[in-house]
Ligand SMILES: C[S@@+](CC[C@H](N)C(=O)[O-])C[C@H]1O[C@@H](n2cnc3c(N)ncnc32)[C@H](O)[C@@H]1O
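Residue numbers (this note's numbering): 684 to 936.
Below is the structure:
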């Protein structure tokens with residue numbers, strides 16, 4: 684069994700601290716369709732999952748549960764995992780409010796060994812795997828737990844979007860510099876927080892999928908200029924030049 688490491692714990696603490704603000708100001712409340720990320724289009728438009736009624740779905744990094752609740756309302760049997768207790772509290776309330784039963788579990792996506800093999804029709808993750816240190820391991824675990832012909836759809840920050848400073852539109856980071864990014868933050872209330880995420884090249888992601896044995900079926904760089912779901916933290920000028928979201932669809936063939 685994997686033990687949650689200290690960085691994962693710190694990431695969980697950051698999300699615990701951010702959860703109320705995130706759920707109020709950033710996460711959307713449209714539960715009619717899955718929204719894949721900032722300006723990143725929706726399942727209604729992209730149709731990546733197909734019919735979900737009766738399908739077993741595992742969501743990784745489910746946050747406040749919007750995606751799992753949306754799919755459960757359409758008849759999917761959902762399990763959602765997240766490392767942040769506070770995010771999960773929102774998820775549990777959202778499921779109750781919408782009268783759907785979802786198994787929300789506090790677990791890291793580095794602990795997928797705990798899930799039985801060949802057991803899910805769909806694994807989905809919306810804007811969460813940028814917090815994963817070992818994507819290659821996660822891909823291999825997903826191949827193991829998916830049923831034959833099962834699908835895995837995930838969205839993350841577009842690696843190009845993260846490189847440009849939205850204030851002056853200048854390329855401020857090296858695309859070649861990959862790995863952990865850490866920032867010390869002071870929030871408006873004066874509290875101090877350590878933010879961590881992982882930056883990687885598109886080729887690292889694609890090669891990780893290929894090496895796991897999953898079949899990569901589609902890469903989507905959506906741009907939905909009318910997207911209003913993910914708050915106002917994204918500068919239009921940059922968003923119009925580089926889409927903030929990238930989506931991958933894979934299958935266990
Ligand atoms: C940007 S939020 C996205 C949440 C949700 N998918 C949504 O669409 O609103 C990222 C989520 O990933 C979760 N997360 C970060 N690291 C994680 C880990 N190692 N295991 C599980 N969840 C994690 C965070 O707690 C947070 O809820």
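Positions of the beta carbon are idealized from the N, C-alpha and C atoms, including for glycine.
Query                                                                                                                                                                                     : Result
Per DSSP, which one or two residues make a beta bridge with residue 839?                                                                                                                  : 929
Does the Cβ of residue 779 have 16 or more other Cβ atoms within 10 Å, making it buried, or fewer, making it exposed?                                                                     : exposed
To the nearest angstrom, how far is it from the Cα of residue 932 to the Cα of residue 873?                                                                                               : 41 Å
Looking only at its chain, what residues have a beta carbon closer than 7 Å to the beta carbon of residue 685, apart from the 5 residues adjacent to it on each side?                     : Below a pLDDT of 50, predicted positions are generally treated as unreliable, and residue 685, at 49, falls in that range; no measurement from the model is reported.
Cutting at 7 Å between CB atoms, please list the residues of its own chain near residue 898, excluding the five before and the five after it.                                             : 933, 934 and 936
On the criterion of 16 or more Cβ atoms from any shown chain inside 10 Å, does residue 854 qualify as buried, or is it exposed?                                                           : exposed
Quick one: Cα of residue 725 to Cα of residue 751, how far?                                                                                                                               : 14 Å
Near residue 875, which residues of its chain fall below 8 Å by C-beta distance, leaving aside the five closest residues on each side in sequence?                                        : 867, 868 and 869
Does DSSP classify residue 890 as helix, strand or coil?                                                                                                                                  : helix
Spatial neighbours of residue 736 within its chain, please: C-beta separation below 8 Å, excluding the five flanking residues on both sides.                                              : 757, 758 and 759
Just reading off the alpha helix (DSSP H) that residue 822 is part of, what are its end residues?                                                                                         : 818 to 828
What residue from 721, 790, 815 and 801 has the CA that sits closest to residue 923's CA?                                                                                                 : 721
Indicate, with yes or no, if ligand 1 has a heavy atom lying under 7 Å from the CB of residue 941.                                                                                        : Nothing in the structure corresponds to residue 941, since the chain is present only between 684 and 936.
What are the partner residues of residue 763, as DSSP defines its beta bridges?                                                                                                           : 742 and 787
Could you give the residue range of the alpha helix (DSSP H) that holds residue 734?                                                                                                      : Neither: residue 734 is in no alpha helix (DSSP H) and is coded neither H nor E.
Might you give, ordered along the chain, the residues of its own chain that have their beta carbon closer than 6 Å to the beta carbon of residue 790, omitting 5 neighbours on each side? : 764
Do residue 879 and residue 690 count as a contact pair if the criterion is CB distance below 8 Å?                                                                                         : yes
So the candidates are 767, 860, 926 and 916; which of them puts its Cα closest to the Cα of residue 907?                                                                                  : 926
Could you spell out where the beta strand (DSSP E) holding residue 960 opens and where it closes?                                                                                         : Beyond the ends of the chain as shown, which are 684 and 936, falls residue 960; an answer cannot be given.
Using three-state DSSP, classify residue 725 as helix, strand or coil.                                                                                                                    : strand
For a test of your reading of the model: does the CB of residue 792 fall under 7 Å from any non-hydrogen atom of ligand 1? Yes or no.                                                     : yes
If you drop the 5 nearest sequence neighbours on each side, which residues of the same chain put their C-beta closer than 7 Å to that of residue 827?                                     : 800
Residue 703: beta carbon under 7 Å from a heavy atom of ligand 1?                                                                                                                         : no
So what does DSSP say about residue 876, is it helix, strand or coil?                                                                                                                     : strand
Can you find at least 3 beta carbon pairs, one from the stretch 764 to 776 and one from the stretch 696 to 713, that sit closer than 8 Å?                                                 : yes
Drop a sphere of 10 angstroms on the beta-carbon of residue 894, count the other beta-carbons inside from all chains shown, and report buried for 16 or more, exposed for fewer.          : exposed
Helix, strand or coil for residue 688, going by three-state DSSP, please let me know.                                                                                                     : coil
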